[in-house]
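K.L.:
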Amino acid sequence: SSSDGSDMSTQSAPNVLSFQYLSGQDVTILLSKNAGRYRLQSGSFEALWLLAAELCARLKRSLDGVHIMYNEPLPLQEYFDLIDAHFDHRVAMRDLHTQLEE
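Going by this note's numbering, the sequence shown opens with residue 959, and the numbers climb by one from there.
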C-alpha cells in the first residue's frame, strides 16, 4: 500500500489498469488501442480525482495539444452532498470537544 491511500494496482488486460483505494473504492483506466484515448471510470466520483489529476498532468507534460474532457454532466449534487456531510461532521466534532472541555 502507498502513502496516497491506494493499494497496489492490478492489471487484468494489456490496455486496462485498475487501482483500489484502502477505502474499497476502485478506479479503472482504459486505453483505446486505435483511437489513442484514455478513459477513467469508477463507481464514485470522488475516487476519480487522484488518478485524473495525475493522468492529466503527465499527458500535458508529454504531449503537445492534448485535449482533456469530461463527457457527462458533472455530478455536482453528489459533490455538494459530500461537502455538506463533511461540514456536519466537523461541527459535530467541535461540539463534542466543547462538551468534553466543560
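Here a beta-carbon is modelled for each residue, glycine too, at the ideal position from N, C-alpha and C.
Is V1062 near L1006, with beta carbons less than 9 Å apart?
P.N.:
Residue 1062 is absent from the structure shown; the chain starts at 959 and stops at 1060.
K.L.:
To test your reading of the DSSP string, which unbroken beta strand (DSSP E) runs of 3 or more residues are found completely within the region 1013 to 1058?
P.N.:
Whole beta strand (DSSP E) segments, 3+ residues: zero.
K.L.:
Would you mind sorting F977 into buried or exposed? The rule is 16 or more other CB atoms within 10 Å of its CB.
P.N.:
Per the 10 Å Cβ criterion, buried.
K.L.:
Taking R997 as part of the beta strand (DSSP E), name the residues at either end of that continuous run.
P.N.:
Segment Y996 to S1000, the beta strand (DSSP E) holding R997.
K.L.:
Given P1033, which residues of its chain have a CB within under 7 Å of its CB, disregarding the five upstream and five downstream residues?
P.N.:
Hits under 7 Å: F1003.
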